[in-house]
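**Q** Pasting in a structure now, in structure tokens, and then I'll have a few things to ask.
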Amino acid sequence: MSGGVQQQQLYFLGLPDLKKLCCVTMALPEDQELRSRQIKTCRELILLYSDIVASPALDSLSEITVVMAMSYFQKGIVQMFAQRRSLQVG
């Protein structure tokens with residue numbers, strides 16, 4: 001660093017093949033703390049499984065959108081997660 005100027009680096013990654021990705025919706029059971037549970041479940045999914053992207057659904061407080069490789073979905077890991085937490089996968 002010279003003169004107090006900090007240089008930033010920018011990295012580019014290749015995009016995944018979109019034909020090999022799948023998107024599923026997980027629906028939370030109705031309860032009183034819907035938004036809080038939605039956010040906590042998304043965080044848990046992201047921290048437990050580095051191969052997925054999870055986000056609260058934009059149009060619903062009771063749904064989560066999950067994106068992953070089809071091969072990962074076919075392993076059944078996400079389905080088991082949903083089953084253990086009484087979530088419906090659609």
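UniProt numbering numbers the first residue of the sequence shown as 1 and each following residue consecutively. C-beta atoms are modelled at their ideal positions from N, C-alpha and C, and glycine is treated no differently. A quick note: this is a predicted structure, and the numbers were derived from the prediction, not measured.
(1) Starting from S55, trace the beta strand (DSSP E) both ways and give me its first and last residue.
(2) For the ligand NAP, I want to know if E30 counts as a neighbour, meaning its beta carbon is within less than 6 Å of at least one of the ligand's heavy atoms.
(3) Who are the near neighbours of C23 in its chain, counting only those whose CB is closer than 6 Å to its CB and skipping five residues on each side?
(4) How many angstroms separate the CA atom of T41 from the CA atom of V5?
(5) At which residues does the alpha helix (DSSP H) containing V78 begin and terminate?
(6) To the nearest angstrom, report how far apart R43 and Q7 are at their CA atoms.
(7) Terminal residues of the continuous beta strand (DSSP E) containing E63?
**A** Reading off the structure:
(1) I52 to P56
(2) The ligand NAP is not part of the structure shown, which contains no ligands of any sort.
(3) V67
(4) 41 Å
(5) I77 to R84
(6) 32 Å
(7) E63 to A69
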